[in-house]
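Engineer: Sharing a structure with you now.
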Amino acid sequence: MSLVERQDTISQDSSVWDGGMGSVSDYVALLKPRVMSLVIFTAFVGLMLAPGSVHPVLGAVAILCIAIGAGASGALNMWYDADIDRIMSRTRNRPIPAGKVTGDEALAFGITLSIGSVVTLGLLVNWFAGAFLAFTIFFYVVVYTMWLKRSTPQNIVIGGAAGAFPPMIGWASVTGSVSLESFVLFLIIFMWTPPHFWALALFKSVDYRAAGVPMLPVVAGETSTRHHILVYSLLLAPVGVAPYLLGFAGPVYGAAAALLGLTFLALAADVWRKRDGDVARLACVRLFKYSIFYLFMLFALLLGESLVAGA
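At position 66 of the sequence shown (counting the first as 1) the number is 66 in our numbering, and the numbers step up by one without a gap.
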C-alpha cells in the first residue's frame with residue numbers, strides 16, 4: 001500500500017470512528033509525553049556536558065525544540081501506526097484509535113511541529129543541530145516506523161538509534177558539532193534500547209503477533225529473545241562505564257555505573273533463566289522497570305558530576 005493510499009485509508013477509518021476536534025490532553029497524548037520526558041532529560045545532559053557554553057535562553061530554546069521534535073515524531077508515528085494501534089491492548093486507547101483525533105489531524109499536527117522545531121532550532125541556535133534534529137525525526141518516522149517496524153525483527157535495534165540521538169543534538173546545540181564523548185552518550189542509549197524493549201515485547205508478544213508486527217519474540221521465539229537480551233546486557237554493562245574509562249566522568253560515576261550495570265545483567269540473567277508462567281512474566285517486568293531506572297541514573301550521575309565540577 002502506498003503512503004497516499006495509506007493516508008486515505010486512515011482518514012476514512014477516522015471518519016467512521018467519529019474522531020476529530022480532540023481536547024488539549026488528546027494532543028498532548030499524541031506527543032508521547034513519557035517518551036518525551038526521557039528525550040528532554042538525555043538531551044539536557046548532553047547540552048550540559050558539552051564543552052563551551054550557551055546562553056541560558058538559547059539552551060532552553062534548544063531543549064524545547066528537541067522536545068517538540070520528539071513529540072512530533074510521536075504524533076507521526078501514531079498517525080502511521082493507527083491500524084495496528086487499534087489491535088494492540090497497550091495502544092488501543094491512543095487518541096486516533098479511540099476516535100478522539102483523526103488521522104489527518106495527527107498528520108497535520110506532527111508535520112507542523114516537525115517543521116517548526118527544526119527551523120526554530122536552526123535559526124536561533126545553529127543549523128547543524130537543526131539538521132541533526134530533522135534527520136532524527138526522519139529516521140524515526142520514515143526509517144523506523146514506516147520501514148523497519150513492519151519488515152524486520154531487528155526493527156528496535158536499528159530504529160533505536162532515533163531515541164539515542166537526543167544527547168548528541170543537545171551537545172551539538174552548544175558546540176555545533178559532535179564528538180567521541182557525545183557518541184558514547186548515544187551508544188549507551190543505543191545498547192540499552194533492545195533489552196529494555198524486548199523485555200516488554202516478551203510479555204506483549206500476543207499483541208504483536210495479532211497486529212502482524214515482526215518483533216523478535218514473534219519471529220524468532222521467546223528463547224532466542226532471551227538470548228538476545230542477555231547478550232545486549234553483557235555489552236551494555238561496559239558501555240555504561242565508558243564515560244569514566246574515557247575520562248569525561250569521575251570515579252563516583254564509574255563505581256555507580258559498574259554496580260548499576262551488574263544489577264542490570266543479573267536481572268537479564270533472571271529473564272534468561274525463568275521461562276514459564278508468572279515467574280517469567282515477573283522477571284520481564286522487573287527488567288523493564290529497572291532498565292528505565294538504570295538509564296535515568298546513568299545520566300543523572302553524569303549531570304550531577306558536571307554540576308559539581310562547574311560549581
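Glycine included, every Cβ here is placed at the ideal spot set by N, Cα and C.
Going by the CB atoms, is the gap between residue 67 and residue 48 shorter than 7 Å?
Structural biologist: no
Engineer: My guess is that residue 173 and residue 137 are in contact by the Cβ rule of under 8 Å, so how many angstroms apart are they, rounded?
Structural biologist: Actually they do not touch by this definition, with Cβ atoms about 16 Å apart.
Engineer: Are three or more beta carbon pairs between the segment 197–214 and the segment 247–261 nearer than 8 Å?
Structural biologist: no
Engineer: Give the straight-line distance between the Cα atoms of residue 219 and residue 228, rounded to the nearest whole angstrom.
Structural biologist: 13 Å
Engineer: Could you tell me how far apart the beta carbons of residue 283 and residue 264 are, in whole angstroms, since I believe they sit closer than 8 Å?
Structural biologist: No, residue 283 and residue 264 are not in contact; Cβ-Cβ is about 13 Å, not under 8 Å.
Engineer: Do the segment 81–88 and the segment 30–46 touch if we need at least three Cβ pairs shorter than 8 Å?
Structural biologist: The segment 81–88 and the segment 30–46 do not touch, with fewer than 3 CB-CB distances between them shorter than 8 Å.
Engineer: Taking the straight line between their C-alpha atoms, what separation do you get for residue 60 and residue 269?
Structural biologist: 41 Å
Engineer: Going by beta-carbon coordinates alone, are residue 290 and residue 267 separated by less than 7 Å?
Structural biologist: In contact: residue 290 and residue 267 (Cβ atoms closer than 7 Å).
Engineer: Have a look at residue 89 and residue 95 and give me their C-alpha separation to the nearest angstrom.
Structural biologist: 14 Å
Engineer: Work out the CA separation of residue 163 and residue 56 for me, nearest whole Å.
Structural biologist: 25 Å
Engineer: What does the alpha-carbon distance come out to for the pair residue 130 and residue 140?
Structural biologist: 16 Å
Engineer: Where does residue 87 fall in DSSP's three states?
Structural biologist: coil
Engineer: Put residue 48 into one of helix, strand or coil per three-state DSSP.
Structural biologist: helix
Engineer: If the criterion is Cβ atoms closer than 7 Å, does the pair residue 288 and residue 216 meet it?
Structural biologist: Cβ atoms of residue 288 and residue 216: not closer than 7 Å.
Engineer: According to the neighbour-count rule (16 or more other Cβ atoms, all chains shown, within 10 Å of its Cβ), is residue 112 buried or exposed?
Structural biologist: exposed
Engineer: Here's the rule: buried if 16 or more other CB atoms are within 10 angstroms of the residue's CB, otherwise exposed. What is residue 134?
Structural biologist: buried
Engineer: Near residue 274, which residues of its chain fall below 6 Å by C-beta distance, leaving aside the five closest residues on each side in sequence?
Structural biologist: So the list reads 280, 283, once near-sequence residues are dropped.
Engineer: Take the Cβ of residue 21 as the centre, count every other Cβ of all protein chains shown within 10 Å, and call the residue buried at 16 or more, exposed below.
Structural biologist: exposed
Engineer: My output table needs one value for residue 56: the three-state DSSP class, helix, strand or coil.
Structural biologist: helix
Engineer: For the putative contact between residue 30 and residue 109, defined by C-beta atoms under 8 Å, what is the C-beta separation to the nearest angstrom?
Structural biologist: 6 Å
Engineer: Since residue 29 is in the alpha helix (DSSP H), which residue starts that stretch and which ends it?
Structural biologist: 24–30
Engineer: Using beta-carbon positions only, say whether residue 203 and residue 161 come within less than 7 Å of one another.
Structural biologist: no
Engineer: What three-state label does DSSP hand residue 246 in the structure shown?
Structural biologist: coil
Engineer: Tell me the residue span of the alpha helix (DSSP H) that contains residue 316.
Structural biologist: Look at the range of the chain in this structure, 1 to 311, and you will see that residue 316 is not part of it.
Engineer: So residue 148 is in the alpha helix (DSSP H); what residue range does that whole segment cover?
Structural biologist: First-last for residue 148: undefined, no H or E at that position.
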